[in-house]
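This report refers to the structure that appears directly beneath it.
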Amino acid sequence: MTHVPEPRGRHGVRALLLAALAWGLALPAAAQISGPEAGGLSQGAVEAPVTPGAASGSGAPAAPITPEGDRFTDRILAVVGDDVITQRELVERMNLVAQQMIERGNRPPDQDTMARQVMERLIVERLQLQEAERVGIRIDEMTLNRAMENIARENRMTLPQLRQALMQDGVDFNAFREQIRHELTVSQLQRRQVDQRIRVSDQEIADLIASESGAIDRGVRYRIAQIMVALPQGADARQIAAAREKAEALRERVRSGEDFATVAISESEGPQALEGGDLGWRSAGEIPTVFAREAVLMRTGEISEVLRSPSGFHIMKLLEREGGDQTRVQQTRARHILISPDQVRSEADARRQAESLYNRIREGASFEDLARANSDDPGSAAQGGVLGWVSPGELVPAFEEVMDTLEPGVVSEPVQSQFGWHIIEVLERREVDTSREQIRARAREILQNRKRDEELELWLRRLRDEAYVEYRVDGFGS
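Residues in the sequence shown are numbered consecutively from 5, following this note's numbering.
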């Protein structure tokens, strides 16, 4: 949802408008900031060319551009798919971008450079809006109204006060409202098209936790114990195999119920053997490297696999964990059927199909069979729609909000998220210690964020490369 800073007089309202460009979408002509009410933006504005090569070659920063009347302002500069970009739109965007740079304390580039960069941004934005329309993404009035109310609330205004503030700054409220619709549309498109391409493996999560232990689980302390089977320097293959075999046998003993400390005292060759192998309390950054990954991923009382280090083989037990975030949360085991809009199925068609499936379930049809045959979520469809155990915050808010209100065994009416329409059933709930899960979730989020920018850039590049763009003036695209 759009988040904008607390307004401070006229500059705050202008910041509101600039915040609406978070996704860089072009405002209609009615929303152009111009005239004396726009403060510094209009001062010194001059009629100027908006095509590369036509501007001054002095390299001076771009001055705000104001076309004289309507002369040339509706001239088509580029054809983008089934849409066009006009001179009016380019001029308005250049002015807005220049003002945004000034607000941030940056020096705008010369008009030649600005025109090229802004034109490319406009092209990519139009392509995204066209793609959103093609795949059936629509922002309904309820969602848009909620977004507008949130913007007003975050700026400590009511919606009528927001309307009045924008009008006083010469901004058309309806144009601003449609701008927010565009922003939400592109946001939903990017989540749908980009997030589904991001894959984070369990191995990547484990590697991140190991490499950034002490940062990703800051504030957590671990008490661990070990049983060690040492290897002599320069051990040969026979000695290594014998040591591993002994370690595996010791692990089976403690897993079968023998007291870990007793076995460590009698069998361990580590320096803490007489303490039952207890290494004491340690932060993540103080845990020996061989144990760092396992300690974060294990539950209290759990015994590790046999671990190898240059010194030998180790069996680790996590005795206790303390600190960090809340450790006990309610988890939900649920299943769902997802019906997504696509090139063939519109948003309305997806909703009608979801409602039809919901009615069939109410009449006694098998949720599992319908999920296998109809769900567009390949990850859960094969399991009859079952998502497994999920903790708060793991699912998209629109889905989770409804899921949290359901009693076990109750099936929801179709619920919309950015992925489409869901039918949800809660199977059961439980309370668990989620220290490990929270750290894994934090690691997964870090990895997703790292990959998202790269994946978004690749997707936008593919979208741009495959698009039809025709320039009607010289200089662009060169």
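Backbone N, C-alpha and C fix where the C-beta goes; we use that ideal spot for every residue, glycine too.
Predicted model only: the values in this text are computed from it and were never measured.
Inset, instruction - Consult DSSP for Y472 and reduce its assignment to one of helix, strand or coil. - result: coil
Legend entry - Residue(s) in a DSSP beta bridge with L311: H318
Inset, instruction - Along the beta strand (DSSP E) that carries T90, what are the first and last residues, could you check? - result: 87-90
Inset, instruction - Could you spell out the range, first to last residue, of the alpha helix (DSSP H) harbouring A354? - result: 351-366
Legend entry - Straight-line gap, I231 to V390 (C-alpha atoms, nearest Å): 39 Å
Legend entry - Coarse secondary structure for A229, derived from DSSP in three states: strand
Legend entry - Cβ shell of E208 (< 7 Å), same chain only, five flanking positions each side left out: L451
Inset, instruction - Sort R364, M98, L322 by Cα distance to A288 and report the nearest one. - result: L322
Legend entry - I269 versus D263: straight-line alpha-carbon distance, rounded: 10 Å
Legend entry - Reduced DSSP category for R108 - H, G, I as helix; E, B as strand; rest coil: coil
Legend entry - Where D206 falls: helix, strand or coil (DSSP): helix
Legend entry - Cβ pair count under 8 Å reaching 3, the stretch 331-350 against the stretch 369-381: yes
Inset, instruction - Taking A82 as part of the beta strand (DSSP E), name the residues at either end of that continuous run. - result: 80-84
Legend entry - Span of the beta strand (DSSP E), counted from its first residue to its last, around R286: 282-287
Inset, instruction - Could you name the residues that DSSP lists as bridge partners for H340? - result: I428
Legend entry - Supposed contact pair V430 and E417 - C-beta distance, whole angstroms, cut 8 Å: Not really, about 14 Å apart at Cβ, beyond 8 Å.
Legend entry - Proximity winner among I319, D373, S421, relative to A354 (alpha-carbon distances): S421
Inset, instruction - Out of A229, E135, M407, point me to the one whose CA is closest to H426's CA. - result: M407
Inset, instruction - Assign T409 to buried or exposed, taking buried as 16 or more other Cβ atoms, counted over all protein chains shown, within 10 Å of its Cβ. - result: exposed
Inset, instruction - Please say whether E459 and R201 have beta carbons closer to each other than 7 Å? - result: yes
Inset, instruction - Please name the residue or residues paired with V415 in a DSSP beta bridge. - result: E429
Inset, instruction - Go ahead and pull the three-state DSSP assignment for E372. - result: helix
Inset, instruction - Determine the DSSP secondary structure at L410, reduced to helix, strand or coil. - result: coil
Legend entry - Three-state secondary structure (DSSP) of V436: strand
Legend entry - Short Cβ contact (7 Å threshold) for G327 with G223: yes
Inset, instruction - Could you say if the stretch 178-192 and the stretch 127-145 meet the contact criterion of at least three C-beta pairs nearer than 8 Å? - result: yes
Inset, instruction - Taking 8 Å as the threshold, find out whether the stretch 119-130 comes into contact with the stretch 149-158 through three or more Cβ pairs. - result: no
Inset, instruction - Quick one: residues in its chain with C-beta nearer than 7 Å to the C-beta of A33, no 5 flanking neighbours on either side, listed in chain order? - result: The pLDDT assigned to A33 is 32, lower than 50, so where the model puts this residue is not dependable; a value taken from the coordinates is nonetheless given after this. If we look at A33 and ignore the five residues flanking it on each side, its Cβ neighbours are R92, E96.
Legend entry - Integer-rounded CB distance, given that G284 should sit under 8 Å from R227: 7 Å
Legend entry - D478 in three-state terms, based on DSSP: coil
Inset, instruction - Sort out for me which residues DSSP pairs Q134 with in a bridge. - result: Q134 pairs with nothing; no bridge assigned.
Inset, instruction - Below 8 Å CB to CB, which residues in the same chain sit around L467 once its five sequence neighbours on both sides are set aside? - result: V128, L131, Q132, E135
Inset, instruction - Leaving out five residues on either side along the sequence, give the residues of the same chain with a beta carbon under 6 Å from the beta carbon of K250. - result: V233
Inset, instruction - Count the C-beta pairs between the stretch 158-166 and the stretch 361-381 that are closer than 8 Å, then say yes if the count reaches three, no if not. - result: no
Inset, instruction - Return the chain-ordered list of same chain residues with a C-beta closer than 7 Å to the C-beta of G392, the five sequence neighbours on each side being excluded. - result: R337
Legend entry - Proximity winner among E107, V101, D86, relative to M118 (alpha-carbon distances): V101
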